[in-house]
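S.K.: Here's a structure for you.
This is how it looks when you write it as structure tokens:
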């Protein structure tokens, strides 16, 4: 089974690695809870090491966006794959997600 990892690099910057799929996003969502409770006002997530993703990965980004807003934080997604961008485009979510 593939896994996804959220790694804190420091100062509100996080690295996401692995696969963002139906099998992995629930655990990653639970693992991300402390990210929204920390003192950093700005969150930056780097997706450069994500090997594959599906629509569940996109749903995770939307959930993180909602969680950040609820916590009064800004959030930016960096190096999002072409695959995930294509899913966002087909879903008409490009204007909503900070990618």
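Numbering (the numbering used here), first residue to last: 1 to 99. For each residue, glycine too, the CB sits at the ideal point set by N, CA and C.
Tell me, please, which residues DSSP counts as bridged to residue 46.
M.R.: In DSSP, residue 46 forms a bridge with 15, 78.
S.K.: Taking the alpha carbon of residue 44 as the point to measure from, which residue in 86, 95, 79, 53 has its own alpha carbon closest?
M.R.: Cα-wise, what sits closest to residue 44 is 79.
S.K.: Can the beta-carbon of residue 59 be found closer than 8 Å to that of residue 25?
M.R.: Their beta carbons are under 8 Å apart, which means residue 59 touches residue 25 by this criterion.
S.K.: Under DSSP, the beta strand (DSSP E) around residue 5 begins and ends at which residues?
M.R.: Per DSSP, residue 5 belongs to the beta strand (DSSP E) from 4–10.
S.K.: CB-CB under 6 Å to residue 54, same chain, minus the five flanking residues each way: which ones, in chain order?
M.R.: Correct list, in chain order: 21.
S.K.: Please report the straight-line C-alpha distance between residue 35 and residue 41, rounded to a whole angstrom.
M.R.: So the two alpha carbons sit approximately 10 Å from each other.
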